[in-house]
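Visitor:
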Amino acid sequence: MSANSLPEGAAVWHSLEVDKALDLLDSNADSGLTSQDIQQKLQKYGPNELEETAGRSAWEILLDQFKNIMLLMLIGVALISGFLDLMRLQSGNLKPGEVPFKDTIAILAIVILNGILGYVQESRAEKALAALKKMTSPLVRVIRDARLVEIAAKELVPGDVMQLEAGMQIAADGRLIEESSLQVRESALTGEAEAVNKQASLKLPEETSLGDRLNVVFQGTEVVQGRAKVLVTNTGMTTELGKIATMLQAVESEPTPLQQRMTQLGNVLVTGSLILVAIVVAGGVIKDGGFKNIQELLEVSLSMAVAVVPEGLPAVITVTLALGTQRMVRQNALIRKLPAVETLGSVTTICSDKTGTLTQNKMVVQSVFTNNRTFGVTGEGYTPTGDFQLNGQKISLEESPEISALSVACAVCNDSVLQKEKGEWAILGDPTEGALLTLAGKAGIEKDQWNSKLTRVAEFPFSSERKRMSVISQVQEVATGEASLRGVDPAITSFLQSEPYLMFTKGSPELTLARSTQIHLGNDTAPLTEEQRQKILAENDQMASKGLRVLGFAYKPLTQIPPEGSDEIFEQELVWLGLVGMLDAPRPEVRAAVQECRNAGIRPVMITGDHQLTARAIATDLGIAQEGDRLLTGQELQRMSDQELEQNVDLVSIYARVSPEHKLRIVQALQRRGRFVAMTGDGVNDAPALKQADIGIAMGITGTDVSKEASDMVLLDDNFATIVSATKEGRVVYTNIRRFIKYILGSNIGEVLTIASAPLIGLGGVPLTPLQILWMNLVTDGLPALALAVEPPEPDVMQRPPFSPRESIFARGLGSYMIRIGIIFAIITIALMWWAYQHTHAAGYQGDRDAWKTMVFTTLCIAQMGHAIAIRSNNRLTIEMNPFSNIFVLAAVVVTTILQLMLVYVPPLREFFGTHYLNMQELGVCIGFSALMFVWIELEKVFLRIMGKKAV
């Protein structure tokens, strides 16, 4: 048979009859494949394994770090500096005690450290595919050559016949041949929490969504109950799991906004530096009339090149991001990839799953309809405390005995257990049944006590065909409160006459009501009229329209225990009790978080696999959508082209019944519209979308390993409000990064202009050596910059729209600030330099004539301290701020000033750094000139305040 005769892809197997599927794969349900068939198919389809595309090797990642334009320039500077030192060494022009090549060694050390820093951040291997591979079963039972054998899962081929039992992990996608009570947990693949009841006999439409394909099974899912025989239809990369692996590997990682801005910054700095170097060298050659001072001009150029590169900036940014991750962990957000800290601050759209993130992942009964009245129910989660309300007013159970009767049915017709663990109420079993036990608890009905009053003796279990379950209990006599009397519990007295058994039924309201002929009203039973029947159905529709999951309850007294399989006989002529409507209730803190999102210019979007009515109810309740807003289903989305989706994606805030491919398309459409997207997810199916999103957010509690490995951030509490807190922290981090970039680069521009001016105004020699410049860039700039990185947030940080993730690093006045402050810095320092040069070259000067260079060095460093104090706020004067609100800035200023003075007054350090002793008058002049920098910045704030403008 040719490959062309096979259905294209796995999407159609669910639409074929079993016999047709067996024919297409040349297989037999009883004997399986022959050995000859297996060899041919292995050659044709390959092993049943997930294939990994080759990524960058560790060496390639390391080498890529040194392609950074600033590091390349520093490497060039180091080589030229080493060459000049070698020339001086060979010609004997080294000064006494001068260490050769120290500048070269220091610069190369910085280059290597920055390269290692980048490598460590980038080399975290993507382990999402490895986590996917863990989901595949190592061994599988198949029928081959009419014998049942156990083989390695990788040897499976399309056409094999698998045997499945409870507890097994499914090793390949397949079409069910036959099954018996088969339930499969597909939550990792589809996001649906409940196990799926599979049926081999079904033939489904081709467009059936993944979660509704009840006649097929998927690789990586788990058999919870029952057994089955399965025809393998897809293996390896053609399985649904394989498709996810393909999508994962097809997603290319884009540079984060911060990485893009740093690249832009490097390009601008290096280009500007090279232009300035060319001007200085050309000016010097023209001034000297030749190349006689070319070595001095080269030394000036080297110092300028070192001055323009902010060597400490990568380390400061890394530490800032690391501190941000620590603060986020305290708010239950675990950052897996460091740049994601800043990236969060640029988010414009948050696409969130519903279950567990926006909601509590706990079913909570919201409404009860019994005795022709609708009661509201209060309370949170599984805690069995709350009130019953009628028209908003609390009512007592004595006034409405039918609530107690309905609550007994909720507790008895139930297979789950409600218990308290570590101070928290938790459910063992199905969440829906947990909600019913909680409701019963609010009515004072405890399951443990009623198990002794109504002992279960038989049951008709739930099935997807029947859509209901029934429990038969024997009525036990209990004390009635009077010593001489014994009888049944008052709550069910009206249920019985003399019958020894009670059957409670719950399930689909329509089907349960259709089997009911009477209705329980108060403490009496009456015939069920057509008018009552229509009213019950209307209430059922009303509850469902609000997104509630609705169950109907009924009972029937019995004189005997029904035999097994007699449900059709005994589940007739029921007495109707009422409707119970429940919802996975929204987290109480999410409403405020959604409002905070909107205030901050961030659009929340719900993307869920749940039904559209439920999705709309929750989204409207939380403020994610308004009444009448458009909702898009997975089937509607499937019919849209990428262009149509892109046109609609800004208009839709709710997506329901979506598949993994849909999530990926939604993210891509938003990104093409220029949105910066954060996407949440917990299942394997979410991994491609998480990786594609600008910020992928996995769930820490319910999330699979695959989703966590594909993500940038993990929510430790699975809470939407935590995303908003993390976004706020991201904005604070970005604001602080801009603050210390202004601080560092403003001084760097001042350094460059000062160095460039020295030969042009006729001063002998270079005022600063590369080693001194490295000291300033790493220590004098680095320590205060780190302190500025922990500046507290501005009050309005979440009251403004996000800044564009594509804005330039120099946007919003930062570039003009750096140039303006750099020029002022240079003017102050050049004025000091001119005075210091004249002072040290005056007749009768007792000190070293090169001391002017140390005065320039010291002035630049101490001026930066005033800059650090003033730049803490863009608008508030320093005297208006609490000096202890960021104690680290004060500490950094004090420590850095002491270290700078040690370079001048401690002989070994003075000798190594090439500085000279300054007397108190010279030091005082340096401090005086340095203070002008602080005064200038404060006067700028006053001027802007008078002009009514806000600084950057």
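If you're matching positions, the sequence shown starts at 125 in this note's numbering and goes up one per residue. Beta carbons are placed, not taken as given, at the ideal position from N, Cα and C, and that holds for glycine.
Taking the continuous beta strand (DSSP E) assigned at residue 677, which residues delimit it?
Guide: In the sequence shown, residue 677 corresponds to position 553, counting from 1. Start and end: 673 to 682.
Visitor: In terms of residue numbering, what span does the beta strand (DSSP E) encompassing residue 281 cover?
Guide: The count along the sequence shown starts at 1 and reaches residue 281 at position 157. Where residue 281 is concerned, there is no enclosing beta strand (DSSP E), given that its DSSP letter is neither H nor E.
Visitor: Which one or two residues does DSSP pair with residue 625 in a beta bridge?
Guide: Position 501 of the sequence shown, counted from the start, is the residue given in the question as residue 625. Beta-bridge pairing links residue 625 to 598 and 682.
Visitor: Quick check on residue 524: does DSSP put it in helix, strand or coil?
Guide: As a first step, residue 524 must be located in the sequence shown, where it is residue number 400. Three-state result, residue 524: coil.
Visitor: Taking the CB atoms as reference points, tell me whether residue 379 and residue 470 lie closer together than 8 Å.
Guide: On the sequence shown, position 255 is the one that residue 379 refers to. On the sequence shown, position 346 is the one that residue 470 refers to. Contact flag unset, no.
Visitor: Taking 8 Å as the threshold (C-beta atoms), are residue 433 and residue 174 in contact?
Guide: Here residue 174 refers to the residue found at position 50 of the sequence shown. Here residue 433 refers to the residue found at position 309 of the sequence shown. Their beta carbons are not under 8 Å apart, which means residue 174 does not touch residue 433 by this criterion.
Visitor: Would you report the Cα separation of residue 691 and residue 631, rounded to the nearest angstrom?
Guide: Within the sequence shown, numbered from 1, the residue matching residue 691 stands at position 567. Within the sequence shown, numbered from 1, the residue matching residue 631 stands at position 507. Cα to Cα, the separation comes out at about 14 Å.
Visitor: Mind reading off the beta-carbon distance from residue 1077 to residue 980? Whole number of angstroms is fine, and I expect it under 8 Å.
Guide: It is not possible to answer for residue 1077, since the shown part of the chain is limited to 125 through 1076.
Visitor: From residue 520 to residue 527, what does the alpha carbon distance come to, in whole angstroms?
Guide: Translated into positions along the sequence shown, residue 520 becomes position 396. Translated into positions along the sequence shown, residue 527 becomes position 403. Taking the straight line joining both Cα atoms gives about 10 Å.
Visitor: Measure the alpha-carbon distance for residue 375 versus residue 816 and round it to whole angstroms.
Guide: If you number the sequence shown from 1, residue 375 lands on position 251. If you number the sequence shown from 1, residue 816 lands on position 692. So the alpha carbons of these two residues sit roughly 6 Å apart.
Visitor: Check each candidate in 887, 390 and 429 and name the one with the smallest Cα separation from residue 398.
Guide: Taking the first residue of the sequence shown as 1, we reach residue 398 at position 274. The candidate whose alpha carbon is nearest that of residue 398 is 429.
Visitor: Please go through the same chain and pick out, in chain order, the residues whose beta-carbon is closer than 7 Å to the beta-carbon of residue 864, but skip the five residues on each side of it.
Guide: As a first step, residue 864 must be located in the sequence shown, where it is residue number 740. Here the set comprises 440, 909, 912 and 913.
Visitor: Who are the Cβ neighbours of residue 720 in its own chain at under 7 Å, not counting the five residues just before and after it?
Guide: Residue mapping note: residue 720 aligns to position 596 of the sequence shown, counting from 1. So the list reads 848 and 922, once near-sequence residues are dropped.
Visitor: From which residue to which residue does the alpha helix (DSSP H) around residue 772 run?
Guide: Within the sequence shown, numbered from 1, the residue matching residue 772 stands at position 648. From DSSP, the alpha helix (DSSP H) with residue 772 extends over 766 to 772.
Visitor: For residue 388, is the classification buried or exposed, using 16 other Cβ atoms within 10 angstroms of its Cβ as the cut-off for buried?
Guide: For the purposes of this step, residue 388 is taken as the residue at position 264 of the sequence shown. Its Cβ having fewer than 16 others within 10 Å, residue 388 is exposed.
Visitor: Exposed or buried, what is residue 805 when buried is set at 16 or more other beta-carbons lying within 10 Å of its beta-carbon?
Guide: For the purposes of this step, residue 805 is identified with residue 681 of the sequence shown, where counting begins at 1. Buried, by the Cβ-count rule.
Visitor: Would you be able to state if there are at least three C-beta pairs under 8 Å between the segment 706 to 714 and the segment 474 to 490?
Guide: Contact between the segment 474 to 490 and the segment 706 to 714 is present, because at least three Cβ pairs lie under 8 Å.
Visitor: Can you list, in chain order, the residues of its chain with a C-beta nearer than 7 Å to that of residue 669? Leave out the 5 residues immediately preceding and following it.
Guide: Taking the sequence shown and counting its residues from 1, the one referred to as residue 669 is at position 545. 737, listed in sequence order.
Visitor: Whose C-beta lies closer than 8 Å to the C-beta of residue 401 among residues of the same chain, with five residues either side of it excluded?
Guide: Against the sequence shown, residue 401 aligns to sequence position 277. The answer, listed in chain order, is 425, 428 and 429.
Visitor: Cα separation between residue 562 and residue 1012?
Guide: Position 438 of the sequence shown holds residue 562. Position 888 of the sequence shown holds residue 1012. Using only the alpha carbons, I get a separation of about 52 Å.
Visitor: Three-state secondary structure (DSSP) at residue 935?
Guide: Within the sequence shown, numbered from 1, the residue matching residue 935 stands at position 811. In the structure shown, residue 935 sits in coil (DSSP, three-state: anything other than H, G, I, E or B).
Visitor: Mind checking whether residue 999 and residue 1065 have CB atoms under 8 Å apart?
Guide: Position 875 of the sequence shown, counted from the first residue, corresponds to residue 999. Position 941 of the sequence shown, counted from the first residue, corresponds to residue 1065. Yes, the pair counts as a contact, with Cβ atoms nearer than the cut-off.
Visitor: Once the 5 residues before and after residue 717 are set aside, which same chain residues still bring their CB inside 7 Å of it?
Guide: Against the sequence shown, residue 717 aligns to sequence position 593. 844, 845 and 848, listed in sequence order.
Visitor: By alpha-carbon positions, which one of 458, 418, 295 and 1057 ends up nearest to residue 840?
Guide: As a first step, residue 840 must be located in the sequence shown, where it is residue number 716. Among 458, 418, 295 and 1057, the Cα nearest to that of residue 840 is on 458.
Visitor: Is residue 820 buried or exposed, if buried means 16 or more other CB atoms sit within 10 Å of its CB?
Guide: Mapped onto the sequence shown, residue 820 falls at position 696. Looking at its Cβ environment, which holds 16 or more other Cβ atoms inside 10 Å, residue 820 is buried.
Visitor: Count the other C-beta atoms from every protein chain shown that fall within 10 angstroms of the C-beta of residue 547, then say buried if there are 16 or more, exposed otherwise.
Guide: For the purposes of this step, residue 547 is taken as residue 423 along the sequence shown, with counting starting at 1. That one is exposed.
Visitor: Confirm, please, whether the CB-CB distance from residue 283 to residue 140 is below 8 Å.
Guide: Within the sequence shown, numbered from 1, the residue matching residue 140 stands at position 16. Within the sequence shown, numbered from 1, the residue matching residue 283 stands at position 159. No, Cβ-Cβ distance for residue 140 and residue 283 is not below 8 Å.
Visitor: Please list, in chain order, all residues of the same chain as residue 1083 whose beta carbon is under 6 Å from its beta carbon, the five residues on each side excluded.
Guide: Missing from the structure shown is residue 1083; the chain here goes from 125 to 1076 and no further.
Visitor: Could you check if residue 683 is buried or exposed, using at least 16 other CB atoms within 10 Å of its CB as the buried criterion?
Guide: Within the sequence shown, the letter at position 559 stands for residue 683. With fewer than 16 other Cβ atoms within 10 Å, it is exposed.
Visitor: Return the residue from the list 335, 453 and 475 that minimises the CA-CA distance to residue 795.
Guide: Sequence index remark: in the sequence shown, residue 795 carries index 671 (1-based). Considering only alpha carbons, the answer is 475.
Visitor: With three or more C-beta pairs closer than 8 Å as the rule, is the segment 298 to 306 touching the segment 354 to 371?
Guide: Cβ pair count under 8 Å is three or more, so yes.
Visitor: Between residue 626 and residue 700, is the Cβ-Cβ spacing less than 8 Å?
Guide: Indexing the sequence shown from 1 puts residue 626 at position 502. Indexing the sequence shown from 1 puts residue 700 at position 576. Their beta carbons are not under 8 Å apart, which means residue 626 does not touch residue 700 by this criterion.
Visitor: If you follow the beta strand (DSSP E) that residue 263 is part of, which residue opens it and which one closes it?
Guide: Counting from 1 along the sequence shown, the entry for residue 263 is found at position 139. 263 to 268 is the span of the beta strand (DSSP E), which, as asked, contains residue 263.
Visitor: Which residues bound the alpha helix (DSSP H) around residue 1012?
Guide: Residue 1012 sits at position 888 when you count from the first residue of the sequence shown. It spans 1011 to 1029 - the alpha helix (DSSP H) in which residue 1012 sits, taken as one unbroken run.
Visitor: Nearest to residue 468 by alpha carbon, out of 445, 478 and 739?
Guide: Here residue 468 is taken as the residue at index 344 of the sequence shown, counted from 1. Among 445, 478 and 739, the Cα nearest to that of residue 468 belongs to 445.
Visitor: What does the Cβ neighbour count give for residue 860, buried or exposed, with the cut at 16 atoms within 10 Å?
Guide: On the sequence shown, position 736 is the one that residue 860 refers to. Answer is buried; the Cβ neighbour count reaches 16.
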